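Notes to accompany the following structure.
There are 2 protein chains.
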Amino acid sequence: MTVLTPALPKTGLAPGLQGRCAACEIRELSVCSALSETELARLRTIITGYHVEPGRTVIEEGGPATDLFNVVRGTVKLYKLLPDGRRQVTGFLFPGDFLGIALNDIYAYSAEAIEPLELCRFPRKKLEALLVELPRLERRLLGETAHELAAAQDQMLLLGRKTAKERVASFLISLSRRAVKRRRPASPLDIPMSRTDMADFLGLTTETVSRTLTQLRNAKLIAPHGRKGIAILDMDGLSALVDGDSSAD
Amino acid sequence: MTVLTPALPKTGLAPGLQGRCAACEIRELSVCSALSETELARLRTIITGYHVEPGRTVIEEGGPATDLFNVVRGTVKLYKLLPDGRRQVTGFLFPGDFLGIALNDIYAYSAEAIEPLELCRFPRKKLEALLVELPRLERRLLGETAHELAAAQDQMLLLGRKTAKERVASFLISLSRRAVKRRRPASPLDIPMSRTDMADFLGLTTETVSRTLTQLRNAKLIAPHGRKGIAILDMDGLSALVDGDSSAD
DNA sequence: GCCTGCCCCTGATATAGATCAATCAGGCTG
DNA sequence: CAGCCTGATTGATCTATATCAGGGGCAGGC
Chain F
198 MTVLTPALPK TGLAPGLQGR CAACEIRELS VCSALSETEL ARLRTIITGY
248 HVEPGRTVIE EGGPATDLFN VVRGTVKLYK LLPDGRRQVT GFLFPGDFLG
298 IALNDIYAYS AEAIEPLELC RFPRKKLEAL LVELPRLERR LLGETAHELA
348 AAQDQMLLLG RKTAKERVAS FLISLSRRAV KRRRPASPLD IPMSRTDMAD
398 FLGLTTETVS RTLTQLRNAK LIAPHGRKGI AILDMDGLSA LVDGDSSAD
Chain B
198 MTVLTPALPK TGLAPGLQGR CAACEIRELS VCSALSETEL ARLRTIITGY
248 HVEPGRTVIE EGGPATDLFN VVRGTVKLYK LLPDGRRQVT GFLFPGDFLG
298 IALNDIYAYS AEAIEPLELC RFPRKKLEAL LVELPRLERR LLGETAHELA
348 AAQDQMLLLG RKTAKERVAS FLISLSRRAV KRRRPASPLD IPMSRTDMAD
398 FLGLTTETVS RTLTQLRNAK LIAPHGRKGI AILDMDGLSA LVDGDSSAD
């Protein structure tokens with residue numbers, strides 16, 4: 198608990214992560230916000246940077262759970278597969294989000310980069326050892342897991358009981374809320390994922406997602422914005438579609 | 198962190214819980230298994246017993262999250278509602294399971310007793326204070342939450358991508374596995390919940406659940422067992438249905 | 001500038017499961 | 001022990017969404 202890093206160890210940080218954690222742009226969003234400068238220095242000794250190209254896999258369902266990650270830049274999709282290829286995307290991760298919480302020593306899902314990705318990697322064994330010394334980090338990890346659980350429960354409600362229109366509207370609102378958390382504007386939304394990814398997240402087909410977006414556009418609730426963006430024209434109207442629910446971030 | 202309980206405080210334990218935690222029949226199943234006798238004594242000072250009749254609500258979505266619970270006896274359903282009354286059951290809890298992990302100070306879902314219920318109640322404030330002294334309890338809580346998260350992700354796959362037959366088969370197998378964990382037989386299954394609850398859990402209607410069970414019965418995979426029970430006649434055949442082998446009908 | 005391939009969108013048709021509508025089977029009441 | 005009442009089952013029909021089938025547009029390669 199007293200061993201400080203004497204100097205910056207070479208950790209192979211990805212470009213853009215060369216600086217110290219103190220300068221990290223997503224620090225307040227991430228688990229690191231739970232730590233003091235001193236504790237952060239301790240944590241930093243086990244971190245390595247990690248860059249992943251779009252379409253490449255970060256972790257694989259069924260593979261050994263050796264590492265945990267913090268998303269620094271880019272977007273990730275998490276998914277599970279059935280043997281015949283049916284896919285369920287269980288979540289999307291953005292900068293500040295935590296990746297890799299595993300129950301056993303096996304990852305329960307796969308994670309794939311959607312956009313060029315920069316990650317902080319924590320070897321699982323070393324992180325677990327550190328948790329004993331950094332109770333605030335453990336508390337934060339519990340909070341992070343509870344948060345994901347709450348999001349998962351919202352998603353169960355969506356998948357089990359909402360109509361296609363309600364699902365798409367919920368999704369757009371959720372993206373918007375998460376953008377605000379990252380200090381991005383609520384409205385011209387960046388949509389980094391494909392229609393297929395959206396469909397696999399919402400339990401629909403790409404065709405239905407596409408048709409539903411067209412409906413929302415015709416109803417003047419949304420409008421295309423640039424190549425991959427969507428502007429929300431009427432947030433209240435959109436919210437009304439999700440049946441006045443409390444859909445989470 | 199040295200204050201031991203000088204004597205047994207009167208805690209209003211429900212009938213059957215009058216004894217000490219040491220004699221608790223679900224101790225090894227629950228979070229309490231993470232604790233030594235001494236630590237357990239510490240924990241016990243904040244516990245009160247709680248009895249709930251079937252159909253009564255334990256916690257309510259949107260209400261203040263004042264307590265956490267351990268299920269000692271009985272079955273609980275967790276659910277979320279849409280304003281128009283559509284319901285999604287997000288899980289069922291059995292003896293040994295933990296209830297009430299909340300992100301904020303507000304419960305994100307409701308919990309209702311299905312069978313006569315006995316609970317250990319932990320006031321949230323007091324439990325949080327204790328966590329500082331009992332790091333093993335906190336670790337166990339993290340594990341419990343991660344476990345629920347994994348279950349939620351499985352359920353997303355079920356709700357988003359599985360057919361009715363796969364859903365019902367998955368559900369029966371899951372019930373069977375959980376029975377085994379509680380040292381009950383894998384096969385004559387107790388089904389304490391109604392068809393409506395099953396349907397709301399599986400994202401189906403009662404009619405579809407009923408028809409699907411009839412199909413499984415006709416296929417000699419299951420058979421009725423007593424009033425509310427189901428015997429699994431062919432576990433392998435049932436398992437084959439779960440992951441989408443379209444070989445049988 | 002012109003292919004080529006990948007998304008995305010749109011239209012026509014099919015279908016799994018929802019909805020509507022009776023029974024039916026127990027168990028509880030009086 | 002007859003009459004309800006509630007929950008489960010079964011049957012007939014409907015519909016939201018899947019599936020099948022093109023077609024269009026932008027990006028990237030040559």
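Chains as they are written, first to last, in this note's numbering: chain F, 198 to 446; chain B, 198 to 446.
Note that beta-carbon positions come from the ideal geometry of N, C-alpha and C, so glycine has one too.
Since this is a predicted model, take the numbers as computed values, not measurements.
Any Cβ of chain B closer than 7 Å to the Cβ of F/Ile-298 would place that residue at the interface, and such an atom is present.
With respect to chain F, the C-beta atom of B/Asp-264 has no partner C-beta closer than 7 Å. Against chain F, the beta carbon of B/Glu-335 has neighbours under 9 Å at Pro-332, Glu-335, Arg-336 and Leu-339, listed in chain order. The Cβ of B/Ala-343 sits closer than 7 Å to at least one Cβ of chain F. A straight-line Cα-Cα distance of about 8 Å links B/Leu-240 and B/Leu-327. Shown in chain order are the members of the stretch 285 to 315 of chain F whose Cβ falls below 7 Å from a Cβ of chain B: Gln-285, Thr-287, Ile-298, Leu-300, Ala-305 and Tyr-306.
In this structure, DSSP gives F/Cys-221 a state outside helix and strand, which the three-state scheme calls coil. A distance below 6 Å between beta-carbons, with the five flanking residues on each side excluded, links B/Leu-278 to the following residues of its chain, in chain order: Arg-284. Within the same chain, Cβ atoms closer than 8 Å to the Cβ of F/Gln-412 are found at Lys-362, the five residues on either side in sequence being excluded.
In this structure, the CA atom of F/Leu-354 is about 19 Å from the CA atom of B/Thr-254. Excluding sequence positions up to five before and after B/Asp-431, its CB lies within less than 7 Å of the CB of Lys-417 and Leu-418, all in the same chain and listed in chain order. Here B/Gly-357 carries a helix assignment [DSSP, helix/strand/coil]. Between B/Leu-386 and B/Ser-373, the C-beta gap is smaller than 7 Å, which places the two residues in contact. For F/Gly-271 against F/Glu-312, the beta-carbon gap comes to about 4 Å, under 8 Å, which counts as contact. Taking all protein chains shown into account, F/Gly-400 has 16 or more neighbouring C-beta atoms within 10 Å of its C-beta and is therefore buried.
Within the model, the alpha-carbon separation for B/Asp-351 versus B/Val-286 is close to 14 Å. Annotation: B/Ala-366 has no Cβ neighbours in chain F at a cutoff of 8 Å; minimum Cβ distance is about 13 Å. B/Ile-223 sits close to B/Gly-293, with the two beta carbons spaced by under 7 Å. The beta-carbon of F/Met-390 is placed no less than 7 Å from the nearest beta-carbon of chain B.
At a cut-off of 7 Å, the C-beta of B/Gln-350 has a neighbouring C-beta in chain F. Contact annotation for F/Lys-378 against chain B: no contact, minimum CB-CB distance about 14 Å [criterion: below 8 Å].
Judged by DSSP in its simplified three-state form, B/Ala-308 adopts strand. Sixteen is the threshold: when 16 or more other Cβ atoms of the shown chains lie within 10 Å of the Cβ of B/Lys-359, as they do, the residue is buried.
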